[in-house]
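Below you'll find the structure, written out as C-alpha cells, and then a few comments.
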Amino acid sequence: MAMDDLTSKIRDISEQNPNLCMQCGTCSASCTGIGAMEQLPRQVMRLLQLGKDKALESSSIWMCTTCLTCTARCPRGIDIARVMEALRVINLRQGNEVLVLEDIPLELLTEVPQMALTSGFRKLSA
Amino acid sequence: MAIPYFPGCTLKTKATGLDSSTRATLAALGVELAELPDWTCCGTVFPLAQDNYMGMVAAARILINASKEDDGRLVTVCSFCYNVLKRVNYAIKNNEETRTKLTQYLEEEYAGETKLVHPLEVLRDDVGFEALQGKVNDKVKGLKVACYYGCMLSRPASEMQFDDEPENPTIMEDLVGAMGAEPVDFKYKTKCCGSYQVMKTYDLVVKRVREILEGATASGAQAIITSCPLCQFNLDWIQEKIAEEDSSFAKIPVLYFTQLLGAALDVPAEELGLDKHYVDPKALLKG
Amino acid sequence: MPEQKMVNIYIMGKQYEVPAGVTIMKAMEYAGYQFIRGCGCRGGFCGACGTVYRKPGDFRLYSGLACQLQAEEGMYLSQIPFYPANRSTYDLQELTPELSTILKHYPEVTRCLGCNQCTKICPQGLNVMDYIAAAQRGDIEKAAHLSFDCIMCGLCVSRCPAEIVHYNVGILCRRLYGRHIIPKAQHLAKRVEEIKSGKFDEELNKLMSMGQEELTKLYDDRDMEQ
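Chains as they are written, first to last, in the numbering used here: chain A, 1 to 126; chain B, 1001 to 1287; chain C, 2001 to 2226.
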C-alpha cells in the first residue's frame, strides 16, 4: 500500500491523526503488551508516520487487549486504541482470521467465560 | 420500584455467582432489580473502527428496550457489558451519524435517554456507604482486600465518568471500608489482566495476571475483589495453573465485590455462588 | 367464462406471465419449470422451497415458501432451495443440556452480532435471533421453545454475517430439551415397564395366532360408534 494510501485509510477508519504523535513513549510504557509485543505502540505510530506497511504486518497489533491505557494517557489526545484497531480491521477485512476456532484447546473453549469467545472473535477474527 | 437489569450472557452461565449475589445484596438493601424481558448478548466490545455500526446494533437494541421500561435507568454489573452499553449510549447521544444510522436500522426512536448505572454506583448513591455501615455483620471485619477495577469500568474517562479519578478510582475501596474490611493500597488496580488474549496470546495473560496477584499479596491483601467475570476467570483459573507449575506461589482468592458484600450482609451461601471458584474463598469469609 | 387475470413475475430475472393468485410453486410449473429439488410437501411444512423476492420500486428483501406465497404483479424472485450448512455430529444420549455442549458443537454462536437479519427473513415469523441468544447463554429450554416451529428451510443461514447455521443450533437445543430437560412422561414409562414385564404377552400371542376369519370377526364386532 502506498504511503498516502495507508495513512489516509488509517485516518479514515480511526479518525485519528498519527502525525500528532510526538514520540514521547508514554503509550509504550503503559502498554499491557510489554514483554510480548515486538513493536510497542510508539513504534507502531512511528511506522505509520513514515507510511510503512510494516505497521500492517506487525504481529504486535494482534496482542493488544484494548485496555485503553494508551488512549487514556496520550498527552496529545490521540486515541491510540482506535489506531491499533484500524490496523487490525484493515487486515481482517481482507479475510485474515487471526483467532482460529479450531486452534482453541477444547478445555479452554468450554471453561472460559463466553465473553472471552465473543470479544476474542470480534477483535481477532473476521 | 424495580430498576431494569441487564445480566449479560456470562452471568447466566459461568458467572451465576455474580448474578445471584448482585441481586441478593441489592435486595437485602432494599433495591429490587427487574431483568429485561427479552435480551441478547451486548456484543462485549465497543467497536473502535468508526465505520463499524454493526458492532453497536445489539447494545443499541438493549438500550432502546430499557428505555421502554418506566424507570429510565439500566443496571448492569459485568464490566464489559457496562462499558459497551455506556459507550454506545454516549455515541448515540453525541454523534448524529451514529444515532441516525442505528435508529434507522432498528426502526426505533431513541436519543440516548437510558442512564447506565453500575451496582457500585447504586450502593454509593441509592443506599449510601454510611447507611451500609450500620447494616453489616462482622464476617469481613479487618479482612485486607485489594480492589481490582481492571480496564472497562473507568476507561475512557470522558465517556465512562466512573469515579472522580480514573487513574485512581476509590469507589470500591469506600465500599470495602463501609463493610468493615480494610482496603489495601494496590497499585495494579486498573492494570489490564490480559482480557480476551487468554484465547490467543496466553503467555502474555499469565505475565499480567502474575504481576497483579503478586502485587496484591505484596500489599498485604488476603483477597482480591472484582466486577468482571473475565478478570475473575483470568486471575483465578490461571492462578491455579501457575500454582501447579510453581509450588512456592502464594495463592490469593479472587471474588466478586458482591460476594464479599453478601457475606457481610448474611446473604445465604447458596446465593453467593462461592463454590465455582478455582481458588477457594470460603475460608476467608467465616468471620 | 370470466377471463383469468394474469400477472407478470420474474423468476431468476426472466419475465413470465402467470395466473394471478397461484402459488409461486404452481406459477413456476406453469412457466415450464420442473421441480426435482426445491419442492417437497407442498404444504408449508417441509422447508424445501424457501424463496426470496423483491417488489418493484422497493429495496426491501421479502421471503416466503414457494408453496404458500401467492404470485403478485412484479414479484422478482428466486428460490434458495439449499444453502450449505455446518452440522456437528453427536450422540444425544451422551450430551448434557448446558452451554458447554452448545459451545463444543457450535462455538460460532458467540459471533452473533445481533443484526436480526435471521429473524427478518424467517418465513415462519420466528424470533431466530432470540433463540440463538438463548442458546448462547445456555438457556436450552427457551431456545427449544422459540425454535419449535422451525422448518429448517435455511433462509436464515443465507443471511447470517457470523456464518451461524441457526436451525442446527435449534434442533440440538430441541433434542437436548426433549431428551434431558423435559420431565419424563410417567404414564409412558409405566406402560413400557408393563410391556417389558410381559403384562400384554398373552393377549398379543393370542392375536398373533388367530386366523384371518377370526381376526375379521373380531374386527367387525369391535366397539364403535354407529
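Think of the CB as a built atom: it goes at the ideal place given N, C-alpha and C, for glycine as much as any other residue.
If you're wondering where the values come from, they're calculated on a predicted model, not measured in any experiment.
| Check | Outcome |
| --- | --- |
| DSSP state of Thr-52 (chain A) mapped onto helix, strand, coil | One detail in the question is off: residue 52 (chain A) reads as Lys in this sequence, not Thr. The answer is coil: DSSP assigns Lys-52 (chain A) none of H, G, I, E or B. |
| DSSP state of Asn-1065 (chain B) mapped onto helix, strand, coil | helix |
| Beta-carbon gap between Cys-70 (chain A) and Ser-30 (chain A) smaller than 9 Å | yes |
| Short CB-CB distance (under 9 Å) between Ser-58 (chain A) and chain B | no |
| Assigned exposure category for Asp-2091 (chain C) - 16 Cβ within 10 Å defines buried | exposed |
| Buried versus exposed call for Arg-1208 (chain B) [16 or more other C-beta atoms within 10 Å across all chains shown] | buried |
| Beta carbon of Val-1088 (chain B) nearer than 9 Å to that of Ala-1066 (chain B) | no |
| Residues that DSSP places opposite Arg-2280 (chain C) in a beta bridge | This structure does not reach residue 2280 (chain C), given that chain C is present from 2001 up to 2226, and the question cannot be answered. |
| Which residues DSSP lists as bridging Lys-2014 (chain C), in chain order | C:Ile-2011 |
| Beta-carbon proximity of Ala-81 (chain A) to Leu-92 (chain A), cut-off 9 Å | no |
| DSSP three-state assignment for Ala-942 (chain B), whether helix, strand or coil | Any question about residue 942 (chain B) goes unanswered here, given that chain B covers just 1001 to 1287. |
| CB contact below 9 Å: Cys-1078 (chain B) versus chain C | no |
| For Glu-1069 (chain B) and Gly-1112 (chain B), the rounded distance between their alpha carbons | 14 Å |
| Chain C within 9 Å of Ala-1034 (chain B), Cβ atoms only | no |
| Interfacial residues, the stretch 2038-2061 of chain C to chain A, with Cβ spacing under 7 Å | none |
| Short Cβ contact (9 Å threshold) for Ala-2066 (chain C) with Met-2012 (chain C) | no |
| Start-to-end residues for the alpha helix (DSSP H) that takes in Ile-2140 (chain C) | 2140-2146 |
| Option in B:Lys-1191, B:Leu-1153 and B:Val-1136 with minimal Cα separation from Gly-1262 (chain B) | B:Val-1136 |
| Burial state of Lys-1187 (chain B), where buried means 16 or more other Cβ atoms lie within 10 Å | exposed |
| Element boundaries [alpha helix (DSSP H), containing Ala-2027 (chain C)] | 2024-2030 |
| Span of the beta strand (DSSP E), counted from its first residue to its last, around Lys-1238 (chain B) | It should be pointed out that residue 1238 (chain B) corresponds to Ile in this sequence rather than to Lys. Segment 1229-1245 is the alpha helix (DSSP H) holding Ile-1238 (chain B); no beta strand (DSSP E) there. |
| Chain B contact for Pro-18 (chain A) (CB, 9 Å cutoff) | no |
| Gly-1177 (chain B) - containing alpha helix (DSSP H), residue span | 1171-1178 |
| CB contact flag (Met-2129 (chain C), Cys-2150 (chain C), <9 Å) | no |
| Reduced DSSP secondary structure (H/G/I, E/B, other) of Lys-1144 (chain B) | strand |
| Continuous alpha helix (DSSP H) stretch holding Leu-106 (chain A): start and end | 106-111 |
| At least 3 beta-carbon pairs within less than 8 Å: the stretch 2042-2062 of chain C vs the stretch 2070-2083 of chain C | yes |
| Every unbroken alpha helix (DSSP H) inside the stretch 23-86 of chain A [4 residues or more] | 26-30, 41-49, 54-57 and 69-73 |
| Exposure of Pro-2123 (chain C), with buried meaning 16 or more beta-carbon neighbours within 10 Å | buried |
| CB contact check: Asn-2008 (chain C) to chain B, cutoff 9 Å | no |
| Residues from the stretch 114-126 of chain A in contact with chain C, defined by Cβ distance under 7 Å | Gln-114, Leu-117, Thr-118 and Phe-121 |
| Chain C residues whose Cβ lies nearer than 9 Å to that of Asp-1038 (chain B) | Asn-2127, Asp-2130 and Ala-2133 |
| His-2180 (chain C) versus C:Met-2224, C:Met-2208, C:Leu-2095 and C:Arg-2137, residue with shortest Cα-Cα distance | C:Leu-2095 |
| CB contact below 9 Å: Cys-2115 (chain C) versus chain B | yes |
| Inter-stretch contact (C-beta, 8 Å, three-pair minimum) for the stretch 2187-2200 of chain C and the stretch 2168-2175 of chain C | no |
| Min CB distance Thr-1957 (chain C) to chain A below 9 Å | What is shown of chain C runs 2001 to 2226, which leaves residue 1957 (chain C) out entirely. |
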